[in-house]
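Enquirer: In our numbering, the protein residues as written are 4 to 77. Backbone N, C-alpha and C define an ideal beta-carbon position, used for all residues, glycine too. Quick caveat, the model's predicted, so the values are computed rather than measured. Structure in structure tokens, see below.
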């Protein structure tokens, strides 16, 4: 479930996700509920910090610019 979570709360116009689904006749080894969201959040936050460093912008300021406040209901 990384794909839908890839951009997090940021207004990023393009994000690519490649998904592969496999069907087997064997039982799963373990149950994973909600897997992918923590990894997706970590990845996007690290990318935002790296972008801020490369652009020479404070990491808080880049977050303020890229978060989409107009889409929030409050």
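(1) Between the C-alpha atoms of residue 61 and residue 70, what's the straight-line distance to the nearest angstrom?
(2) Where do the N-terminal and C-terminal ends of the alpha helix (DSSP H) with residue 51 fall, by residue?
(3) Does DSSP classify residue 15 as helix, strand or coil?
Expert: Straight from the coordinates:
(1) 14 Å
(2) 40–58
(3) Residue state, collapsed to three classes: coil.
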